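What follows is a single structure, written as structure tokens, with notes after it.
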Ligand SMILES: [Cu+2]
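As structure tokens, this is what we get:
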């Protein structure tokens, strides 16, 4: 540095390529999410890709049972995502509400929510379908 002040143009960062900005934005979003949320987002992105594939095979006149198998697979992915959200809710929101003495309120809310989810109480179609990716051990877990 020669001691002179930099002009505004000199202090400005070079513009990042759009792909780089998208990557940074995506990374910040992932950093702000917990393991449950990341797992659900990853599952939904997988399901989104899967649905695109199903649309393609239907447009190419795939055999009906083949389409149905693929649809069942996507439904399994969505059910897994729902189970993870339920687990997250129980471990965080419900536990907190109970500690604060709001048990009846939070139980009522959950029962109301589950009315809309006919899959939550069914056994997982695939073993481990509701496993959390890279779940951290809860504090105080003996190793
Ligand atoms: Cu919650």
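Numbering (the working numbering), first residue to last: 943 to 1085. Beta carbons: idealized from backbone N, C-alpha and C, even for Gly. The structure displayed is predicted, hence computed values, not measured ones.
Around the beta carbon of residue 1017, a 10 Å sphere encloses fewer than 16 other beta carbons of the protein chains shown; the residue is thus reported as exposed. Secondary structure of residue 1057 (DSSP, three-state): coil. For residue 1033, the three-state secondary structure derived from DSSP is helix. If you check the CB distance, residue 1019 and residue 978 do not come in under 9 Å. Judged by the Cβ position, residue 1035 qualifies as a neighbour of ligand 1 at the 8 Å threshold, a heavy atom of the ligand being closer than this. Residue 991: member of the alpha helix (DSSP H) spanning 977 to 1001, first to last residue. Residue 1030 has its CB nearer than 8 Å to a heavy atom of ligand 1.
Rounded to whole angstroms, residue 1039 and residue 1045 show a C-alpha spacing of 6 Å. By the criterion of at least three beta-carbon pairs nearer than 8 Å, the stretch 1022 to 1032 is in contact with the stretch 980 to 990.
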